[in-house]
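One line per chain: the protein sequences are Z and S, in this order.
At position 95 of the first sequence the residue is numbered 98 (the numbering used here), and the sequence of numbers has no breaks.
At position 50 of the second sequence the residue is numbered 52 (the numbering used here), and the sequence of numbers has no breaks.
From the three backbone atoms N, C-alpha and C, an ideal C-beta is built for every residue, glycine too.
All values reported here derive from a predicted model rather than from experimental measurement.
This report concerns only the one structure given below.
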Amino acid sequence: MSDTPVEARIREEITSNDVVLYMKGSPMFPQCGFSAAVVQVLSHIGVKFKGVNVLEDEEIRQGIKDFSNWPTIPQLYVKGEFVGGCDIVREMAAEGELQTLLKDKGVETATAA
Amino acid sequence: MTTQGPYQTRIRAKLTEGLAPVSLHIEDDSRKHAHHGPRMAALATQGGDHGHAPIDDQGETHFRVDIVSAAFEGKSRVDRHRMVNALLADELRERVHALAIKARTPAEADKPGA
């Protein structure tokens with residue numbers, strides 16, 4: 004099965020960056036409360052991530068939903084794997100699971116103990 | 003207590019039928035997001051928003067679902083959300099643009115502090 008052009012773009016993005024957040028707005032200026040919440044979680048954990056603003060790219064906006072079979076944005080990817088949306092990221096962070104996942108995948112975080 | 007809109011009724015019926023929940027709470031959060039209206043309408047005119055919900059003042063665009071079901075046993079968080087999303091695919095396509103989901107098994111819901 005070969006990728007469509009948009010799938011190929013997404014795959015390239017999520018494999019060439021350790022942590023990618025598809026979101027509405029930018030990490031500095033989120034344009035949706037759910038996207039803002041995930042940015043806040045990631046910033047709190049102290050992990051570097053790449054934000055992709057889906058509002059600037061209609062193809063990605065729809066493409067990312069098809070790619071992960073997930074109907075909403077934001078969407079978080081770690082090392083090429085879909086982790087979840089806002090609720091899941093928040094729950095995982097609250098339980099310490101997100102930090103464990105990042106550590107297991109060898110992604111550096113700057114959380115002070 | 004506000005009256006339950008048609009979408010909330012549909013969401014309740016589909017989740018009840020699909021997951022036989024032991025507990026199901028649905029909240030319409032649309033009011034809290036009413037300020038999106040003008041901006042979303044503006045965005046929608048810039049190149050369209052495929053399959054996106056209509057922008058009007060009828061509410062029922064943002065829901066919060068807290069569901070406890072044995073069907074979630076042994077399923078990952080992502081799988082649980084996908085089960086809920088799949089049941090509500092029509093609603094998500096037609097109107098609902100945000101669905102906050104809390105999906106727990108009966109055992110998890112019974113845990114203190116959960």
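Buried versus exposed call for residue i [16 or more other C-beta atoms within 10 Å across all chains shown]
i, result
"S:E93", "buried"
"S:Q48", "With a pLDDT of only 45 at S:Q48, under the threshold of 50, the placement of this residue in the model should not be trusted; the figure read from the coordinates follows. Classification of S:Q48: exposed, given that the 10 Å Cβ count is below 16."
"Z:A97", "exposed"
"Z:G88", "buried"
"S:E75", "exposed"
"Z:P74", "buried"
"Z:Q78", "buried"
"Z:P8", "exposed"
"Z:G54", "buried"
"S:T63", "buried"
"S:A15", "exposed"
"S:P8", "exposed"
"S:A22", "exposed"
"S:V24", "exposed"
"S:D30", "buried"
Residue i, DSSP secondary structure in three states
i, result
"Z:G49", "coil"
"S:A22", "coil"
"Z:I63", "helix"
"S:N6", "First, the amino acid is wrong: residue 6 of chain S is Gln here, not Asn. Note: S:Q6 maps to coil in three-state DSSP."
"Z:G36", "helix"
"S:D30", "strand"
"Z:T18", "helix"
"Z:M26", "strand"
"Z:T112", "strand"
"S:A55", "Reliability of the predicted coordinates at S:A55 is poor, the pLDDT of 47 falling under 50, and no value is obtained from them."
Endpoints, alpha helix (DSSP H) assigned at residue i
i, result
"Z:K106", "100–107"
Chain-ordered chain B contacts of residue i [CB-CB under 8 Å]
i, result
"Z:N56", "No chain B is present in this structure, whose protein chains are Z and S."
Continuous beta strand (DSSP E) stretch holding residue i: start and end
i, result
"S:D68", "64–70"
"S:A102", "100–106"
"Z:E84", "84–87"
"S:L89", "Taken as a continuous stretch (DSSP letters only), S:L89 belongs to no beta strand (DSSP E), being part of the alpha helix (DSSP H) at 79–89."
"Z:L79", "78–81"
heavy atom of the ligand SAM below 7 Å from residue i C-beta
i, result
"Z:L79", "Within the structure as shown, the ligand SAM is missing, as the structure has no ligands at all."
*asked:* For the segment 57–69 of chain Z against the segment 103–110 of chain Z, do three or more pairs of beta-carbon atoms, one drawn from each stretch, fall closer than 8 Å, so that the two count as touching?
replied: Pairwise C-beta distances place the segment 57–69 of chain Z out of contact with the segment 103–110 of chain Z, as fewer than three of them are shorter than 8 Å.
*Three CB pairs or more closer than 8 Å across the segment 39–53 of chain Z and the segment 4–15 of chain Z*: No: fewer than three Cβ pairs fall under 8 Å.
*Are at least three pairs of beta-carbons, each pair with one atom in the segment 88–105 of chain S and one in the segment 14–30 of chain Z, less than 8 Å apart?*
No: fewer than three Cβ pairs fall under 8 Å.
*For the segment 80–96 of chain Z, which residues have a beta carbon sitting closer than 9 Å to at least one beta carbon of chain S?*
So the list reads F85, V86, G87, G88, C89, D90, I91, E94, M95, given in the order they occur along the chain.
*Closer than 7 Å, Cβ to Cβ, to anything on chain S: give me those residues from the segment 20–48 of chain Z, in chain order.*
Taking 7 Å as the Cβ-Cβ cut-off against chain S, the residues of the segment 20–48 of chain Z that qualify are F37.
*Are the segment 106–114 of chain S and the segment 67–79 of chain S touching by the rule of at least three beta carbon pairs closer than 8 Å?*
Yes, they touch.
*Identify each residue in the segment 64–83 of chain S for which the Cβ-Cβ distance to at least one residue of chain Z is less than 8 Å, and report them in chain order.*
From the segment 64–83 of chain S, only R79, V80, H83 have a Cβ closer than 8 Å to chain Z.
*Residues of the segment 96–116 of chain S with a CB closer than 8 Å to any CB of chain Z: list them in chain order, please.*
Residues of the segment 96–116 of chain S whose Cβ lies closer than 8 Å to any Cβ of chain Z, in chain order: H99, A100, L101, A102, I103, K104.
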